[in-house]
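2 is the number of the first residue of the sequence shown in the numbering used here; add one for each residue after it.
Ideal Cβ positions, reconstructed from N, Cα and C, are used throughout, including at glycine.
What follows is one structure encoded as structure tokens, with my remarks underneath.
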Amino acid sequence: MPMPSATPETGPEKQVVDVRIENGHALVTIDNPPVNALAVSVRKGLMQALEAVNQARCKTAAIVCAGRTFVAGGDISEFAGPPPLPHLPDVLDAIEASATPFIAVMHGTVLGGGLELALACAWRIADGKTKFGLPEVNLGLIPGAGGTQRLPRVIGLERAARMAANGKPVNASTFEEFGGLDLVFSGDPMAALAGFRDALPARPANTSTRPVEDADLTALKAEITKSAKGSNSPMIALETTALAATMSFEEGSKIERRTHLDLRDSAQSRALRRLFFASRSVTRPARLKAIEPAPIHHVAIVGGGLMGAGIAAASLASGHRVTMLERDTESAQAGKARVEAIIAKDLASGRISNDKAEARRAAFSAGADYAAAVDADIAIEAVFEDPEVKRAVFKQLSDVLSETALIATNTSYLDPNMISQGMPGPGRFLGLHFFSPANIMKLVEVVGTSVTTDQTMATAFAFARGLGKIPVETGVCGGFIGNRILSAYRRQADYLVADGASPYDVDKAMRGLGMPMGPYELQDLTGLQISWANRKRQLAAGTWPGRYVDIADKLCEIGRQGRGSPATKGWYDHTSGAGKPDPEIEAMVAAWRKEHGTAQQTFTADEIVMRIMAAIVNEASLILEEGIATSDTAVDIVWSEGYGFPKHLGGPMFWAEETGMDRMREAFAAIDAQSPGSWKAAGVFKG
Ligand code: NAI
């Protein structure tokens, strides 16, 4: 979703607002690339333009934007300190109060401050493809320049409260239906403006003076409480918007502004803004900046299962030609059907048009003959997690692909160094670890081997960004950044269960923190068998770290392997649909504790969260010490994009800092004492 610009303001010396007056009509053009953010230079420029318009007593003044969009937000790089003058609310009030009526002529994404600017104008006209929204809640904020008070005065209270609280943009036809637009056009905006001026309606009452009809927001409140999942700004946005029904514009705006400024300093907003900036910097590693990525047109995907189909769909969605290679024609047909099902779902939900669906189908083919991939620029392997199967695939790919084509593996746990050994041109080989469902999840771990070239890395990063993904660089270790931390998380959860916590209490506590589900619910969802196989491998290799709790193994042995398993049972009983806690599991766990003589302890929800977070933060700190992750924000992005860690808590590392490292150290000492010898302590937890 488009967000406000993070681009630093361009400086007062640069002319970012131009005003031209012709035949008594003014044209005010904002030109502040990339997204015309309302930086201080733009606010100053608008004030100067207004002065010129007022002096010339223009009949109308149109505001347009150069480039790909109308104003798409405020300048969030200003948010760390007090806002420099002039403040946006004053600029907008002055525009609204001008004797000359203003016309907003819009295209692209009209977001946040951009929509607030448009609402201060007398009329709003827009290209049919324009989107409108108040996305401030995505950064833990609410609008701060009258947005919550003007929008209900234009489109009604319930609609405005919904837009302010859910942060989702609406398209031009919806916004027009709401009464937010005076004209929707296609083609040349200047021609549309001229036509609009020719038949200029009578100037409407200023937005801020219009009355607002009260509405019952009970149902919306319930909806927002549910979707906010612990993030506080959506409900604040809703309640602030509701003030418009009982207060004057001036009173409501004052409260809105104060709340906006207070929220800028809140931990949730700082967390969200940090992730927002980091998702831009982490995806563009500094050392690769000078390298021109190779163009990628044709993508070969080997393996058309769950992951291969998702990666193929993501590649098609960003305009690539995709060839899927499978073991045989029958499997290719099955892979093709999976991709088609994703396209059909996107079409049915209205996410894409018929033309787009057709274009994607036309750009896709599936088969078993590697010759079809001969001119592929990148091949992504997503076959079974078996080193020998993967090595055979790399050999076949090396035989047909050009020497410069990239070869990537989507392996979850195997060492890319090991599986690419002996392959010709190893510098073009790397790991691209997508997350399921790969057509939706944004995270991609980019894993360089010891010989992957920077050129390969630069191309892989650009390719992943082009898919709309968030690529994060990770070094080689078991599970890379995300799954390695997940293993520590699960291990600590098992230690808690072994020592007295119920798996259901552990899940509840982690949901209480804001995770979408707890570790045992997650295991039931993804199936218990893969991690069982992984544990067996580690035990056989002697690499299991310390204390081993085999309760999950016992579940697997009796066929309770999760939701999709034949028994439709795992940690929960799913036989009647929704998973229910199962007394049989409680009895198994109790028997296990008795057999192993573990002292039964009780843990509060807070203790469960602190102990699990201590394990997570310790593992993440080890990952940083070993250079597997480049920064703590990289870890936070991986966990918030790939594992559902609540974004408003900023990721595990930000959460630990906010919670206090002393408390984290205390919790780590407790888990260390609880399971002696099982945790290698990171530097921050030593001593
Ligand atoms: P899957 O079992 O759904 O699909 C594997 C596909 O590979 C099957 O369609 C199979 O016919 C095909 N295949 C097997 N051998 C082949 C060969 N020699 N040539 C061409 N195709 C062949 O498995 P899934 O879940 O899609 O996983 C694939 C890879 O992605 C594995 O390495 C897995 O560890 C990794 N992965 C899986 C994730 C998940 O959530 N399932 C997440 C991230 C990575």
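Item	Value
Bridge partners - R125, DSSP secondary structure assignment	A105
Residues near L415 in its chain [Cβ-Cβ closer than 8 Å; skip 5 each side]	E386, P388 and K391
Bridge partner(s) assigned by DSSP for M325	I302 and A367
Run of the beta strand (DSSP E) containing A380, from where it starts to where it stops	I379 to E382
Outcome for H299 when other beta-carbon atoms lying within 10 angstroms are tallied against a minimum of 16	buried
N- and C-terminal bounds of the beta strand (DSSP E) containing F133	K132 to G134
Three-state secondary structure (DSSP) of F646	coil
M2 burial status per 10 Å Cβ neighbour count (16 or more: buried)	At M2, the pLDDT of 34 sits below 50, so the modelled position is not reliable; the number obtained from the coordinates is stated separately. Flag for M2 reads exposed.
Distance cut-off 6 Å: E386 Cβ against heavy atoms of ligand 1	yes
Contact belief for N409 with E382 at Cβ below 8 Å, rounded distance in angstroms	The question names Asn, yet the displayed sequence has Ala at residue 409. Contact holds; Cβ gap of about 7 Å.
Where F186 sits in the DSSP three-state scheme	strand
Rounded separation between T412 and G476 - CA only	14 Å
Residue from I22, G114, V636 and Q150 with nearest C-alpha to E446	V636
Any non-hydrogen atom of ligand 1 within 6 Å of S332 CB	yes
Distance, D370 Cα to L398 Cα	11 Å
Local Cβ density within 10 Å of L86, reported as buried at 16 or more and exposed below that	exposed
Below-7 Å beta-carbon distance, W656 vs any chain B residue	Here there is only one protein chain, and chain B is not present.
Whole-angstrom C-beta distance between V18 and V54, which should lie under 8 Å	At roughly 11 Å, the Cβ-Cβ gap does not stay under 8 Å, so V54 and V18 are not in contact.
Endpoints, the alpha helix (DSSP H) within which A409 is located	Taken as a continuous stretch (DSSP letters only), A409 belongs to no alpha helix (DSSP H), being part of the beta strand (DSSP E) at L407 to T410.
8 Å CB neighbourhood of H26 in its chain, flanking five on each side removed	C59, K60, T61, A62, A63 and R198
CB contact flag (G141, Q269, <7 Å)	yes
For R259, the three-state DSSP class (helix, strand or coil)	helix
The segment 63 to 75 in contact with the segment 103 to 112 per 3-pair CB rule at 8 Å	yes
Same chain only: Cβ atoms within 8 Å of V610, ignoring 5 sequence neighbours per side	A510, M511, G513 and L514
Continuous beta strand (DSSP E) assignments of at least 3 residues falling wholly in the segment 428 to 477	430 to 435, 444 to 449 and 471 to 475
As assigned by DSSP and simplified to three states, the class of I167	In the sequence as displayed, the identity of residue 167 is Asn instead of Ile. Correct three-state label for N167: helix.
The segment 431 to 450 contacting the segment 306 to 326, beta-carbon criterion three pairs below 8 Å	yes
For N1, the residue or residues it bridges with in DSSP	The question about residue 1 has no answer, for the chain in this structure spans 2 to 688.
E596: CB within 6 Å of a non-hydrogen atom of ligand 1	no
Whole-angstrom C-beta distance between A459 and L307, which should lie under 8 Å	That belief does not hold up - the Cβ atoms of L307 and A459 are roughly 29 Å apart, past 8 Å.
Element boundaries [alpha helix (DSSP H), containing C66]	No alpha helix (DSSP H) holds C66; the beta strand (DSSP E) holding it covers T61 to C66.
Identity of the residue in R664, L326 and K357 nearest A373 by Cα	L326
E522 and D506 closer than 7 Å at C-beta	no
From L116, E214 and S403, residue whose alpha carbon lies closest to that of L158	E214
V72 beta carbon less than 7 Å from that of A50	no
Helix, strand or coil at G75 [DSSP, three-state]	strand
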